[in-house]
Amino acid sequence: MLIRVDPESRAPLAEQVAAQIRRGIADGSVLLGERLPSARDLAAALGINMHTVLRAYDALRTAGVIELRRGRGAVVIGVDRAGTRALYESADRLIREAAEFGIGPAELATMIRGMA
């Protein structure tokens, strides 16, 4: 599983981490029952604070995506919702289409927030 964060993004780092894990589950690169890296290891790999990773893991736990077990770490137990994969595919298409008009991801996100 490859996780990337963009420190320049307006999205908080914890949200970026959680979104990357959700996406991995949706596209099949992260499987049910798979153990995620420890918060300490993932934070070190990404160059971010361990508590940021813990916030991401807690959000995923609350959503029923992972289970946090002392000594075992974070284990994938489910998916967010049906259709998550389709949603990511739609988002990818939207990002590509926006790029054709010279609109970058940050500007696109601002447009979407304005519509919500």
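Numbered by the working numbering, the letters in the sequence shown go through residues 6 to 121 in order. For glycine and all other residues, C-beta sits at the position ideal for the given N, C-alpha and C.
Could you work out which residue in the options is closest to residue i when comparing CA atoms only?
i, options, result
"isoleucine 26", "Gly76, Tyr62 and Ile53", "Tyr62"
"serine 14", "Arg118, Ala104, Leu47 and Ala114", "Ala114"
"methionine 2", "Arg45, Ala44 and Gly33", "Lying outside 6 to 121, the shown extent of the chain, residue 2 is not represented and no answer is given."
"leucine 51", "Arg118, Gly107, Gln21 and Ile117", "Gln21"
"tyrosine 93", "Ile30, Leu37 and Ile8", "Ile30"
"glycine 76", "Leu65, Ser43 and Gly107", "Ser43"
Assuming residue i and residue j are in contact, meaning their beta carbons sit under 8 Å apart, how far apart are those beta carbons, in whole angstroms?
i, j, result
"glycine 69", "glycine 83", "5 Å"
"arginine 74", "valine 81", "Actually they do not touch by this definition, with Cβ atoms about 12 Å apart."
"leucine 65", "alanine 23", "5 Å"
"isoleucine 71", "valine 10", "Contact flag wrong, Cβ pair sits at about 18 Å."
If you draw a straight line from the C-alpha of residue i to the C-alpha of residue j, how long is it?
i, j, result
"arginine 28", "leucine 47", "16 Å"
"leucine 18", "arginine 98", "23 Å"
"glycine 109", "alanine 96", "13 Å"
"glutamate 112", "leucine 41", "32 Å"
"threonine 67", "methionine 116", "28 Å"
"leucine 36", "glycine 119", "34 Å"
"isoleucine 8", "phenylalanine 106", "27 Å"
"alanine 49", "alanine 91", "31 Å"
Just reading off the alpha helix (DSSP H) that residue i is part of, what are its end residues?
i, result
"valine 35", "Here valine 35 belongs to no alpha helix (DSSP H), and DSSP marks it neither H nor E."
"isoleucine 71", "Run containing isoleucine 71: none in the alpha helix (DSSP H); it sits in the beta strand (DSSP E), 71 to 74."
"alanine 68", "Note, alanine 68: premise wrong, no alpha helix (DSSP H); not H, not E."
"isoleucine 117", "110 to 120"
"aspartate 46", "44 to 51"
Grab the span of the beta strand (DSSP E) containing residue i for me, first residue to last.
i, result
"alanine 79", "78 to 81"
Report yes or no: do the region 37 to 57 and the region 100 to 111 share at least 3 C-beta pairs separated by less than 8 Å?
In this structure the region 37 to 57 does not lie against the region 100 to 111, because fewer than three pairs of beta carbons, one per stretch, are closer than 8 Å.
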